[in-house]
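**Student:**
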Amino acid sequence: MEGSQGGGSEREKSNSSSSTTPVSAVATFWKDFKKASNEEKLVLFNSLLKGYQEEVDKLTKRAKFGENACLNIYQKLYEAPDPYPVLTSIAEDAKLSELESENRKMKVELEEFRTESTYLKNQQATIRRLEERTRQLEQQRNNRILIGSESFTENMKAKLD
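Oh and the sequence shown: position 85 is 85 in full-length UniProt numbering, straight run, nothing missing.
(1) Between Leu59, Lys58, Trp30, Lys35, which lies nearest to Asn46 when the distance is taken from Cα to Cα?
(2) Would you kindly report the start and end of the unbroken alpha helix (DSSP H) that includes Asp93?
(3) How would you call Gly148, buried or exposed, if buried means at least 16 neighbouring beta carbons within 10 angstroms?
(4) Between the alpha carbons of Lys105 and Glu92, how many angstroms are there, rounded?
(5) Could you give the distance in angstroms between the alpha-carbon of Phe152 and the alpha-carbon of Lys159?
(6) Taking 9 Å as the CB-CB limit, is Lys34 close to chain D?
(7) Can you give me the C-alpha to C-alpha distance between Gln140 and Asp161, rounded to a whole angstrom?
(8) What number of angstroms, rounded off, separates the C-alpha of Gln67 from the C-alpha of Leu87?
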């Protein structure tokens with residue numbers, strides 16, 4: 001696996017590329033073997049058989065290497081702890097942090113509303129006091145007007161008499 005990425009060892013590189021060149025060598029040898037006469041074929045047959053056997057051995061070795069690499073990766077993944085609990089915990093922590101932040105903002109906003117409410121209550125009390133004072137002053141004015149008009153009426157009656 002690593003050999004195909006270019007960063008592997010010499011053994012991995014030889015396992016990944018060793019089957020391409022010998023196959024072409026065996027193929028060339030096979031073409032020569034087919035062209036040879038029957039007597040030459042008897043002599044070349046052992047060499048051809050040996051070449052094929054070497055190629056099969058290399059392919060078998062390469063397959064075993066690949067299977068072992070896959071098995072090693074599988075074992076490491078199997079032995080690795082399940083990431084779900086950690087990811088769940090991280091997600092819960094993030095959600096908790098978000099809720100805490102929102103809670104802080106809402107507390108600040110609530111305090112602002114309380115302050116504003118207190119201010120408005122104070123204003124209402126002031127308005128009630130001022131309205132009461134206005135009523136009292138109007139009553140005093142009306143009383144003075146009434147007293148003044150009665151006094152004026154008495155003065156006028158006295159002058160007319």
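Just so it is clear, CB atoms sit at the ideal spot from N, CA and C, and this is done for glycine as well. What you are looking at is a predicted structure, and each value in this text was computed from that prediction instead of being measured.
**Tutor:** Straight from the coordinates:
(1) Trp30
(2) 84-160
(3) exposed
(4) The C-alpha of Lys105 lies about 20 Å from the C-alpha of Glu92.
(5) 10 Å
(6) Of the chains in the structure shown, none is chain D; there is only one protein chain.
(7) One C-alpha to the other measures close to 31 Å.
(8) According to the sequence displayed, residue 67 carries Glu and not Gln. Taking the straight line joining both Cα atoms gives about 31 Å.
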